[in-house]
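Step one of this worksheet: look at the structure below.
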Amino acid sequence: MTAATRLHVAPDRIAAAARRVMARCDELARVSAADDAIERVYLSPEHARVNRLAAEWMREAGMATRQDAAGNQIGRLDPSTSSGSAAADAPALVLGSHLDTVPDAGRFDGIVGVLMAIEVVRLLAETPDGGRARSPFPFALETIAFWDEEGTRFGRALLGSSAVAGRWEAAWWGLADADGVTLRQAFLEFGLDPGRIGEAARRPDELVGYLEAHIEQGPELHRRGQALAAVSSIASARRFQLVVEGEARHAGGTPYDMRRDALLGASEAALAVERICRAEHHIIGTVGQLEAYPGAVNVVPGEARFSLDLRGEFDDARDRVWDALSLELDEIMGRRGLRWRARETHAAPAVFCAPLLQDVVRAGIASVGALEPTPTLFSRAGHDAMSIGAITDVGMLFLRNPDGISHHPDEAVSAADVGAGIRALAEAVLHLAAEPRP
Ligand code: HGY
Ligand code: MN
Ligand code: MN
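Rendered as structure tokens:
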């Protein structure tokens, strides 16, 4: 795999594309359900507004656009047939990421990858004299803006990309949001037909592969002083909602030896998550939600509910940690006279990026002038590529995000790194196109 550059585009065009991406990240940040924070969830009015903007930008880059049966926004550039007509049934190389967010989010997680994908297609599109833009390759170029990668509204992540991967489960229709609105109702209110969800699914033979640019959401590139990295694999994930049951009692009159304090049991459990995961290599566990009931200042909590987000480079190591945690929770709750139960709300296996797509991403990075060997990182964050890996080869390009802070308003990325990422992603596509096709 040579790293010679294949993209002959003037630096000022790359810089202009990067500026456009940054400006559009700011514009999308203003489309939020909250006045003083960024929050965009699946099947919301903000989802509809942002899809309209993304569709406009995809069309401006020459693509034909559609919203699929799961609410994902898609752009497509057909290649030309030998007679010069559009090859509407050509398999596609898909570039994309997601436009939904966590609560109080940053403005780049997912978003920058969708916007970079649009710029890469714009750079690579051929525009026959006066004709509609075309893909210069024997395959089509598609951009997909996935929805509900985060799982913020209904608790289960990767819904939009699961639909594209043909892995939608009927049981999900009953998932309800904090207001009790089910996924089925939300579909109908958004104008989607639950009965047609199957139409979002893509077949493996329709795809050449999937490439996703995304901020690292960790400190590694920042610490190394490097802008870009290829990704080797994406962490497997399991998410749980846990309930601890004790006994609500008077905060003043109940002596300690009579208490069955559910919050203290949950708190010990959260510390056990940290202790057990830190002892394991590449396993990360987080308790992000913790609530005490009845939640009065003068009542010993009779119930506590908390979340667990558990990830690992390999599924079996992650599952061993879950088994160890379960035994620890038995001990904690037994000692405190409490009971506990867990409901699994999300599970996604680890996904390994295809060697060829790792190679073309590294070649793309090398061609933008990275001096030292191109880093290849394991992704502790989950991504839509985890779903799409079920139907085609996937590759990812990481961008440095200063200090690694993410899922936070201070999430950042530099225009220079976005420009380098656009060039590297475009070069990766050109290297892939140069590969002998099966
Ligand atoms: O949670 C994650 O890892 C991703 O940001 N959805
Ligand atoms: Mn995220
Ligand atoms: Mn993301």
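Here our numbering is used: position 334 in the sequence shown is 322, and no number is missing along the way.
For every residue, glycine included, the Cβ atom is placed at its ideal position computed from N, Cα and C.
Please classify residue i as buried or exposed, where buried requires at least 16 other C-beta atoms within 10 Å of its C-beta.
i	result
Glu279	exposed
Leu176	exposed
Pro79	buried
Met321	buried
Ala6	buried
Leu420	buried
Leu315	exposed
Ala267	exposed
Gly183	exposed
Thr131	buried
Gln427	Because the chain is modelled from -11 through 426, residue 427 falls outside the range shown and cannot be assessed.
Asp14	exposed
Pro67	buried
Tyr244	exposed
Gly357	exposed
Gln214	buried
Ser123	buried
Gly300	buried
Gly283	exposed
Thr115	exposed
Glu415	buried
Arg350	buried
His35	buried
Glu137	buried
Glu423	exposed
Asp372	buried
Thr69	exposed
Ala239	exposed
Relative to the alpha-carbon of residue i, which residue among the options has its alpha-carbon at the smallest distance?
i	options	result
Ala133	Thr140, Pro126, Ser149 and Phe125	Ser149
Ala305	Arg54, Cys341 and Cys265	Cys265
Ala336	Val29, Val9, Gly139 and Pro124	Gly139
Met10	Ala400, Ala166, Pro282 and Ala369	Ala400
Ala201	Gln346, Thr170 and Gly283	Gln346
Asp381	Gly283, Ser220 and Gly409	Ser220
Arg226	Ile272, Asp56 and Ala408	Ile272
Asp97	Pro282, Arg327, Pro192 and Gly206	Gly206
Pro289	Asp249, Asp0 and Ala113	Asp249
Thr242	Val287, Arg299 and Ile393	Val287
Ala223	Ile393, Asp307, Arg64 and Asp318	Asp307
Val196	Leu81, Arg388, Arg184 and Ile62	Leu81
Trp135	Asn389, Ala159, Ser70 and Asp56	Asp56
Ala318	Asp23, Ser355 and Val231	It should be pointed out that residue 318 corresponds to Asp in this sequence rather than to Ala. The residue with the shortest Cα to Cα distance from Asp318 is Val231.
Leu326	Arg247, Ala(-2), Asp193 and Glu44	Arg247
Val102	Asn39, Trp328, Glu208 and Ile26	Asn39
Arg329	Phe228, Pro361 and Arg1	Phe228
Gly63	Glu48, Ala74, Ser71 and Gly72	Glu48
Ala188	Ala338, Arg155 and Gly240	Arg155
Glu235	Arg28, Tyr281 and Ala43	Tyr281
Gly59	Ala174, Asp77, Leu(-5) and Ala354	Ala174
Tell me whether residue i, by its Cβ, gets closer than 8 Å to a heavy atom of ligand 1.
i	result
Gln55	no
His270	no
Asp303	no
Asp318	no
Asp398	no
Ala133	no
Arg266	no
Arg141	no
Asp24	no
Considering only heavy atoms of ligand 3, does any lie closer than 8 Å to the CB of residue i?
i	result
Asp97	yes
Ser85	yes
Glu137	yes
Ala258	no
Gln61	no
His334	no
His371	yes
His202	yes
Just to check, is the beta-carbon of residue i closer than 8 Å to a non-hydrogen atom of ligand 2?
i	result
His395	yes
Ala6	no
Ala(-2)	no
Val90	yes
Gln277	no
Ala229	One detail in the question is off: residue 229 reads as Gln in this sequence, not Ala. Result no, Cβ not under 8 Å from ligand 2.
Gln205	yes
Hey, residue i and residue j are a contact pair by Cβ (cut 8 Å); roughly how many whole angstroms apart?
i	j	result
His334	Arg144	5 Å
Tyr30	Asp88	6 Å
Leu259	Arg324	At roughly 13 Å, the Cβ-Cβ gap does not stay under 8 Å, so Leu259 and Arg324 are not in contact.
Would you please verify whether the beta carbon of residue i is less than 9 Å from any beta carbon of chain B?
i	result
Arg155	The question asks about chain B, but that chain is absent: this structure has only one protein chain.
- Item | Continuous beta strand (DSSP E) assignments of at least 3 residues falling wholly in the stretch 132 to 214 | 195 to 203
Segments assigned beta strand (DSSP E), at least 3 residues, entirely inside the stretch 317 to 358: 327 to 336
Could you pull out every unbroken alpha helix (DSSP H) segment of at least 4 residues lying fully inside the stretch 89 to 115, listed in chain order?
99 to 112
message = To test your reading of the DSSP string, which unbroken beta strand (DSSP E) runs of 3 or more residues are found completely within the stretch 230 to 277?
response = 271 to 274
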